[in-house]
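Numbering (UniProt numbering), first residue to last: 1 to 554.
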């Protein structure tokens, strides 16, 4: 193999990441849906000719590794691959991301007739058919209820877009024009990746680029090994519970074994697959584990195939983290958040100074849909919550955590695009767990229906099991959904996985996201910081008195 100087390696590595980031920028700017163009619910990546991930833009951790299955499926398929071809799929059991709204797209990249890599992206589409608008209700009981299932098919060739797949995707969506626009945005993104990857090879030469990517993959493996050497050898265990769904709560359990430079995770003891859509397919489990290990052990490790290859993951077949097809999976992110929690909880025993208390640790995913002026609309949103308190700092308020990294939809964009009005958008006092360092606060968001009617669906967790505190810190608050708060017809929706809730003009749907756990004994929090929390409205006087022993005269 060709020997390279470190500067050349870094230049090539930075060039590949820049290409992936430019692909992401094109995808967001060209998309039609607010979910992609405003909330950035998408990711972009480059793979080498062997299908190894070499560069991914910093977007969604749940997508870390989620596109790898796409390349594997393409290589294993009997499809003919020619220059100019583009392929798509969304089947989570066969290389298509982790749930049906995520459509993955890949374009093999050729130079001088030889394969040099792959340009790929993944984007969450706001409606892909299924039993509810938005295709993302957590209470579906089969994959077939969750939307259109797209096998690995050719989407474009050197001659242009294949109209058949574009047509059947549009025909099965409630928003066909939006689907067409977003699919063509994905196409533009992979074409930019193809063009720029060729330019990197032209500038540096194929042999040099190949040697640099091999070095970068090996570098990730070595950095993980170096990080593991700082962790005491042993087996570390933790478990947590998902909110109940048509039965008892499901346990998520992990045993993490660190042995020198090696790490393995065994999810034995995790509960059976769920009858509703909170099951996690293998790529989603892997992406979550990679994120959690990277965050704790060495955040600077490049998220590429070298890092992935160095981690062993065992998960019981037929469990909630390794379900049997066609188990529903659309709300898999709620379970992924709990997987991240248990991995972090286990590592807290090994490297306690690096691990925060539990964050809100759910994806409070809400969907409003209906008609406005004869046009159908679907408004999807992930509402932020509290970030876990840390060993030296309070938790962050109103943030996306762990495997999500999407933005909130600005109120101005929401009200311009949809017949909805946001009455309230505020932090919830006392929602962060008390502690020496206080947990981050959850969010209250009241959405008023302006049209004649609307339908509400959602999936969320942490409405029955609180985010845990660490080292004596208190648990964070629960989340909830409330219809018409403060009115005579006020009522709370039963749990976090609901669909088809009918709302009328003037109704208000209140979303309250969970807070997060505190860190350390609340009695050790300084009076100055308690006073500041009071002044800023983060805690109430009762909480200051009862939880922190604070008196106004202090």
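Every residue, glycine too, gets a C-beta built ideally from N, C-alpha and C.
Which one of 121, 4, 262, 446 has the shortest CA to CA distance from residue 47?
Taking the chain shown and counting its residues from 1, one reaches residue 47 at position 47. Nearest C-alpha to residue 47: 121.
State the DSSP-derived secondary structure class of residue 322, mapped to helix, strand or coil.
For the purposes of this step, residue 322 is taken as the residue at position 322 of the chain shown. Correct three-state label for residue 322: strand.
Using a threshold of 8 Å, state whether the C-beta atoms of residue 429 and residue 335 are closer than that.
Counting from one through the chain shown, the residue named residue 429 turns up at place 429. Counting from one through the chain shown, the residue named residue 335 turns up at place 335. No, the Cβ-Cβ distance between residue 429 and residue 335 is not below 8 Å.
May I ask you to report which of helix, strand or coil DSSP gives residue 146?
For the purposes of this step, residue 146 is taken as the residue at position 146 of the chain shown. Secondary structure of residue 146 (DSSP, three-state): coil.
Tell me whether the segment 458-476 and the segment 243-254 touch, counting them as touching only if at least three CB pairs, one residue from each stretch, are closer than 8 Å.
The answer is yes - the segment 243-254 touches the segment 458-476, with three or more Cβ pairs under 8 Å.
Which of helix, strand or coil does DSSP assign to residue 219?
Here residue 219 corresponds to residue number 219 of the chain shown, with the count starting at 1. The answer is helix: DSSP assigns residue 219 an H, G or I state.
Where does the unbroken beta strand (DSSP E) through residue 425 begin, and where does it stop?
In the chain shown, residue 425 corresponds to position 425, counting from 1. Counting along the chain, the beta strand (DSSP E) containing residue 425 begins and ends at 420-427.
Less than 8 Å between the C-beta atoms of residue 517 and residue 439, yes or no?
One-based indexing of the chain shown puts residue 517 at position 517. One-based indexing of the chain shown puts residue 439 at position 439. Their beta carbons are under 8 Å apart, which means residue 517 touches residue 439 by this criterion.
Work out the CA separation of residue 197 and residue 576 for me, nearest whole Å.
In this structure the chain extends from 1 to 554, so residue 576 is not present and cannot be described.
In chain order, which continuous runs of the beta strand (DSSP E) of length 3 or greater are located wholly inside the segment 42-74?
Secondary structure in the segment 42-74: the beta strand (DSSP E) runs of 3 residues or longer, each lying completely within the stretch, are 42-48, 53-56 in chain order.
If we count the other Cβ atoms within 10 Å of its Cβ and call it buried at 16 or more, is residue 393 buried or exposed?
Reading the chain shown from its first residue, position 393 is the one you call residue 393. Residue 393 is exposed by the Cβ-count criterion.
Whole angstroms are fine: how far does the CA of residue 292 sit from the CA of residue 195?
As a working mapping, residue 195 is identified with position 195 in the chain shown. As a working mapping, residue 292 is identified with position 292 in the chain shown. So the two alpha carbons sit approximately 33 Å from each other.
Under the assumption that residue 337 contacts residue 239 (Cβ atoms under 8 Å), give the Cβ distance between them as a whole number of angstroms.
Numbered from 1 along the chain shown, position 337 holds the residue referred to as residue 337. Numbered from 1 along the chain shown, position 239 holds the residue referred to as residue 239. For a cut-off of 8 Å, the C-beta gap from residue 337 to residue 239 is around 15 Å, too long to register as a contact.
Every unbroken beta strand (DSSP E) within the segment 423-502, with a cutoff of 3 residues, ordered by chain:
Listed in chain order, the beta strand (DSSP E) runs fully inside the segment 423-502 are 443-449, 453-459, 480-483, counting runs of at least 3 residues.
Any idea if residue 25 is buried or exposed, counting beta-carbon neighbours within 10 angstroms, 16 or more meaning buried?
Counting from one through the chain shown, the residue named residue 25 turns up at place 25. It counts as exposed.
Leaving out the 5 sequence neighbours to the left and right, which residues in its chain are closer than 8 Å to residue 326 when beta-carbon positions are compared?
Within the chain shown, the letter at position 326 stands for residue 326. In chain order, 93, 142, 143, 144 place their CB closer than 8 Å to the CB of residue 326, counting only its own chain and leaving out the 5 sequence neighbours on each side.
Just grab the DSSP bridge partners of residue 225 for me.
As a first step, residue 225 must be located in the chain shown, where it is residue number 225. Its beta-bridge partners do not exist; DSSP assigns none.
Figure out for me which residue from 87, 214, 96 has the closest Cα to the Cα of residue 166.
Looking up residue 166 in the chain shown gives position 166. Ranking 87, 214, 96 by Cα distance to residue 166 puts 87 first.
Please list the terminal residues of the continuous alpha helix (DSSP H) segment that includes residue 183.
Walking along the chain shown from the start, residue 183 turns up at place 183. DSSP places residue 183 inside the alpha helix (DSSP H), whose first and last residues are 176-204.
Count the other CB atoms, across all protein chains shown, that sit within 10 Å of the CB of residue 63; report buried if there are 16 or more and exposed otherwise.
Within the chain shown, the letter at position 63 stands for residue 63. The residue is buried, with at least 16 neighbouring Cβ atoms inside 10 Å.
Residue 323: which of 164, 358, 275 sits nearest, CA to CA?
The residue you call residue 323 lines up with position 323 of the chain shown. Nearest in C-alpha terms to residue 323, of all of 164, 358, 275, is 275.
With contact counted as at least three CB pairs below 8 Å, one residue from each stretch, are the segment 447-459 and the segment 369-378 in contact?
With the cut-off at 8 Å, the segment 447-459 and the segment 369-378 touch.
Counting pairs of Cβ atoms below 8 Å between the segment 6-21 and the segment 200-219, do you hit three or more?
Taking 8 Å as the limit for Cβ pairs, the verdict is that the segment 200-219 does touch the segment 6-21.
Note down, in chain order, each residue of its chain lying with its Cβ closer than 8 Å to the Cβ of residue 437, except the 5 sequence neighbours on either side.
By 1-based counting over the chain shown, the position of residue 437 is 437. Cβ neighbours of residue 437 beyond the five flanking positions: 389, 390, 391, 392, 393, 394, 395, 473, 518, 519, 520, 525.
Pair every Cβ in the segment 167-178 with every Cβ in the segment 265-285, then say whether three or more of these pairs are closer than 8 Å.
Remark: fewer than three beta-carbon pairs, one from each stretch, lie closer than 8 Å, so the segment 167-178 and the segment 265-285 are not flagged as touching.
Would you tell me roughly how many angstroms separate the C-alpha atoms of residue 200 and residue 151, rounded to the nearest one?
Walking along the chain shown from the start, residue 200 turns up at place 200. Walking along the chain shown from the start, residue 151 turns up at place 151. C-alpha separation (whole angstroms): 32 Å.
For residue 536, does the count of other Cβ atoms within 10 angstroms reach 16, so buried, or fall short, so exposed?
In the chain shown, the residue the question calls residue 536 occupies position 536. Its Cβ having fewer than 16 others within 10 Å, residue 536 is exposed.
Can residue 267 and residue 328 be called in contact, C-beta distance under 8 Å?
Walking along the chain shown from the start, residue 267 turns up at place 267. Walking along the chain shown from the start, residue 328 turns up at place 328. No, the pair does not count as a contact, with Cβ atoms beyond the cut-off.
CA-CA distance, residue 483 and residue 489?
Residue mapping note: residue 483 aligns to position 483 of the chain shown, counting from 1. Residue mapping note: residue 489 aligns to position 489 of the chain shown, counting from 1. Their Cα atoms are separated by approximately 8 Å.
Distance check for residue 28 and residue 104, CA to CA, integer angstroms please.
Counting from one through the chain shown, the residue named residue 104 turns up at place 104. Counting from one through the chain shown, the residue named residue 28 turns up at place 28. Linking residue 104 to residue 28 through their CA atoms gives a straight-line distance of about 15 Å.
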